[in-house]
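Enquirer:
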Amino acid sequence: MILNSADPDAPGFEQAERILADLGAAPPRRWVERYTSDGMWAERRRLQRDIADRGDWILNADVDEHHAYPGSIGSVIAHCETKGYNAVQGVLIDRLSETGALNPVLETPPLSVQFPLQAEMHLSLMGRGKYHGVDGTTKLMLHSARVLPSRGGHNPSPEGEAPRYLVGGRLATFPGVMRPEFRFAFPFRVDHYKWTATRETTFKRRIETPGVSAAGKEVGGQLTRYLAEHGQIRLQDVAVHKGHRASSSWKFLAFRMRLAARMRAKFAQRSTRPANA
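Here our numbering = 1-based position in the sequence shown + 26.
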């Protein structure tokens, strides 16, 4: 785990280290620098290079992200290793309070109870912008040690090994990912617990930070204006999970998506081939 503050003497460092030690976690790395997304993900890649052995697999999660897999992580890794895949992506699912209010996080009950609604927000509220789009709603969840995450952790970085995706291609390239019913039924998902009482403040701080990414400034600016106007997430503005059926077999779904990816690739080749070829 990486702990970040621009202040080397920040008391939060020792407090977080005590909590992690009590939980039996490995000692975290302190990263003393003003936060930017580019800087954080560069530090994240450095940490992975330093500690990961070639045969390791990486579960790639921010502190507010809780992963859900259709089976044990070991069974997913075993399938990927047998078939030669090294990258598993999932969809980000926004967890909201029952009313959409930006509530503070309490020690109890579990986060899933405090924020019970499953929603899709970014595409519903903002669609695609100049610097953001569908890629920002997906996550590189699980990958081999030589695959490195790009900024945001949404996709693999070109600095690492070339990805061999479980579903045959980058998840954001599949048309179904735009549809909430697809996202809510997709078996690999990341529950994102970011819509809390601190959200508006962190958005404002991020967009005012020197070196903020263009995507961070665009998304943060739009959502800051939305929250300033409404003070919460209005449920009528977003897609909320209403009991969509989960995919029955993740291996069969991945197989079908690989076939679709191959068909798209062949069609793209034909479309770009000269007429007299």
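By construction, the Cβ of each residue, glycine as well, lies at the ideal position given by its N, Cα and C atoms. Values in this document were obtained by computation on a predicted structure and should not be read as measured data.
Give me the Cα-Cα distance between Lys243 and Glu187, rounded to the nearest whole angstrom.
Expert: Lys243 and Glu187: Cα-Cα distance of roughly 29 Å.
Enquirer: In its own chain, which residues sit with a C-beta less than 6 Å from the C-beta of Phe57, not counting the 5 before and 5 after it?
Expert: Sequence inspection shows Trp at residue 57; the Phe mentioned does not correspond to that position. Excluding positions up to five away in sequence, the list reads Ile28, Asn30, Glu69.
Enquirer: Could you give the first and the last residue of the continuous beta strand (DSSP E) run that contains Lys230?
Expert: No beta strand (DSSP E) contains Lys230, which is instead part of the alpha helix (DSSP H) from 225-234.
Enquirer: Straight-line CA distance for Ile119 to Gly159?
Expert: Using only the alpha carbons, I get a separation of about 15 Å.
Enquirer: Between which two residues does the alpha helix (DSSP H) holding Gln262 run?
Expert: Careful: Gln262 lies outside any alpha helix (DSSP H) and carries neither H nor E.
Enquirer: Per DSSP, what kind of secondary structure is Tyr191 in: helix, strand or coil?
Expert: Strand.
Enquirer: Run through the DSSP bridge pairs and tell me what Val58 is partnered with.
Expert: DSSP lists Ser31 as partners of Val58.
Enquirer: With three or more beta-carbon pairs closer than 8 Å as the criterion, would you say the region 98-118 touches the region 164-184?
Expert: Contact holds: three or more Cβ-Cβ distances are below 8 Å.
Enquirer: Which value, in whole angstroms, describes the spacing of the CA atoms of Leu122 and Arg296?
Expert: Each residue's Cα considered, the two are about 44 Å apart.
Enquirer: Nearest-angstrom Cα distance between His148 and Arg205?
Expert: Cα to Cα, the separation comes out at about 12 Å.
Enquirer: Grab the span of the alpha helix (DSSP H) containing Arg75 for me, first residue to last.
Expert: Element bounds for Arg75: 63-77.
Enquirer: Enumerate in chain order the residues of its own chain whose CB-to-CB distance from Ile233 is below 8 Å, with the five nearest sequence positions on each side excluded.
Expert: Cβ within range, chain order: Gly242, Lys243, Gly246, Gly247, Thr250.
Enquirer: Could you spell out where the beta strand (DSSP E) holding Gly153 opens and where it closes?
Expert: Looking at the DSSP string, Gly153 is not in any beta strand (DSSP E), and its letter there is neither H nor E.
Enquirer: Hey, quick one: how far does the beta strand (DSSP E) through His164 stretch, first residue to last?
Expert: Just to set this straight, residue 164 is Thr in the shown sequence, not His. Run containing Thr164: 164-170, per the beta strand (DSSP E) assignment.
Enquirer: With distance defined between alpha-carbon atoms, name the residue in Asp33, Gln41, Ala51, Ile84 nearest to Arg60.
Expert: Comparing Cα-Cα distances from Arg60 to each of Asp33, Gln41, Ala51, Ile84, the minimum goes to Asp33.
Enquirer: Quick check: the Cα distance between Gly237 and Gly155, rounded to an integer number of angstroms?
Expert: Going from the Cα of Gly237 to the Cα of Gly155 covers about 20 Å.
Enquirer: Gln115 and Leu197 look like a contact to me (Cβ under 8 Å); what is the Cβ gap, rounded to whole Å?
Expert: Confirmed, Cβ separation roughly 4 Å.
Enquirer: Under a three-way DSSP split, which group does Leu118 fall into?
Expert: Reduced to three states, the DSSP call for Leu118 is strand.
Enquirer: Here's the rule: buried if 16 or more other CB atoms are within 10 angstroms of the residue's CB, otherwise exposed. What is His256?
Expert: With fewer than 16 other Cβ atoms within 10 Å, it is exposed.
Enquirer: Cβ atoms of Ala113 and Pro184: under 8 Å apart, would you say?
Expert: Contact: no.
Enquirer: Output the boundary residues of the alpha helix (DSSP H) element that contains Glu185.
Expert: Here Glu185 belongs to no alpha helix (DSSP H), and DSSP marks it neither H nor E.
Enquirer: Leaving out five residues on either side along the sequence, give the residues of the same chain with a beta carbon under 7 Å from the beta carbon of Arg177.
Expert: Once the five neighbours on either side are set aside, the close Cβ partners of Arg177 are Ser63, Asp64, Trp67, Ser239.
Enquirer: Quick one: Cα of Trp221 to Cα of Gly194, how far?
Expert: Whole-angstrom Cα-Cα distance: 32 Å.
Enquirer: Less than 8 Å separating the beta-carbons of Glu107 and Val216?
Expert: Against a cut-off of 8 Å, the Cβ pair of Val216 and Glu107 comes out as no contact.
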